[in-house]
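Undergrad:
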Amino acid sequence: MQVKQIMSKKPEYLDASATIREAVMRMQEHNRGFTPIGEREKLVGVVTDRDIALRGVADGKTPDDPVSSVMSSNVLYCYQDDSVKDVLQNMHDQSVQRLAVLNNPDNKEFVGVVAISDIAEHCTDDDLARRIIHCCRHYH
Numbered sequence: 466m467q468v469k470q471i472m473s474k475k476p477e478y479l480d481a482s483a484t485i486r487e488a489v490m491r492m493q494e495h496n497r498g499f500t501p502i503g504e505r506e507k508l509v510g511v512v513t514d515r516d517i518a519l520r521g522v523a524d525g526k527t528p529d530d531p532v533s534s535v536m537s538s539n540v541l542y543c544y545q546d547d548s549v550k551d552v553l554q555n556m557h558d559q560s561v562q563r564l565a566v567l568n569n570p571d572n573k574e575f576v577g578v579v580a581i582s583d584i585a586e587h588c589t590d591d592d593l594a595r596r597i598i599h600c601c602r603h604y605h
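Numbering (the working numbering), first residue to last: 466 to 605.
What follows is the structure, encoded as structure tokens:
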């Protein structure tokens, strides 16, 4: 199975000048713990609910501080044609629950997001199920 078969299609960017409050509202609105951050339609970072807790609240940031102050600018990604098993291993190795999805190595256009929950939702074989459990162990 390839990532493009299970990924969430490209969510809207939140501008890098937006506030932490706006990022939280976007996550709430779309019921997800991740939002891409962009400048001029180019992916420049991502912010997760964990980033907001660890780099925002714990560091004394206010809801009106820019989201760029808590975002991760080192975006971890995979390609839409990658195998789901390989991507799951990458998630485990990087200790992340989701990755940005790019179309191909040549132009690296942001096309979506894949999360462990997407993989679990489409899991049809025992080997993949074991890999999901192994990947999620350190979160619980």
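Glycine included, each C-beta is placed from N, C-alpha and C at the ideal position.
Going by C-alpha to C-alpha distance, which of Pro528, Thr484 and Gln554 sits closest to Val468?
TA: Selected option, being the one with the closest Cα: Gln554.
Undergrad: Take Lys474 as the anchor and find which of Leu567, Asn539 and Asn572 has the nearest alpha-carbon.
TA: Comparing Cα-Cα distances from Lys474 to each of Leu567, Asn539 and Asn572, the minimum goes to Leu567.
Undergrad: Would the beta-carbon of Arg565 fall within 8 Å of that of Tyr542?
TA: Before going on, a small fix: residue 565 reads as Ala here, not Arg. Yes. Within cutoff.
Undergrad: For the alpha helix (DSSP H) containing Leu553, name the first residue and the last one.
TA: From DSSP, the alpha helix (DSSP H) with Leu553 extends over Val549 to Gln559.
Undergrad: Going by other Cβ atoms of all chains shown within 10 Å of its Cβ, with 16 needed for buried, is Ile577 buried or exposed?
TA: Note that residue 577 is Gly in the sequence shown here, rather than Ile. Gly577 comes out buried.
Undergrad: Val561 and Ile584: beta carbons closer than 8 Å?
TA: Not in contact: Val561 and Ile584 (Cβ atoms no closer than 8 Å).
Undergrad: Taking the alpha-carbon of Thr484 as reference, which of His557, Ser533, Asn539 and Ser537 has the nearest alpha-carbon?
TA: Comparing Cα positions, the closest option is Ser533.
Undergrad: Taking buried to mean at least 16 other C-beta atoms within 10 Å of its own C-beta, is Ala608 buried or exposed?
TA: The displayed coordinates of the chain run from 466 to 605. Any statement about residue 608 would go beyond what the structure contains.
Undergrad: Can you give the Cα-Cα distance for Ser538 and Val511, rounded to whole angstroms?
TA: Each residue's Cα considered, the two are about 7 Å apart.
Undergrad: Just to check my reading of the structure: Met536 and Ile502 have Cβ atoms closer than 8 Å, yes? What is that Cβ distance to the nearest angstrom?
TA: Indeed, because the Cβ distance is near 5 Å, the residues count as touching under 8 Å.
Undergrad: Between the Cα of Tyr478 and the Cα atoms of Phe575, Ile517 and Asp558, which residue gives the shortest distance?
TA: Checking every option, the nearest Cα to that of Tyr478 belongs to Phe575.
Undergrad: What are the start and end residues of the alpha helix (DSSP H) that includes Glu504?
TA: Unbroken run through Glu504 is the beta strand (DSSP E), Phe499 to Glu504; no alpha helix (DSSP H).
Undergrad: Can you tell me which of Asp480, Thr513 and Met492 puts its alpha carbon nearest to the alpha carbon of Arg505?
TA: Here the closest residue by C-alpha is Asp480.
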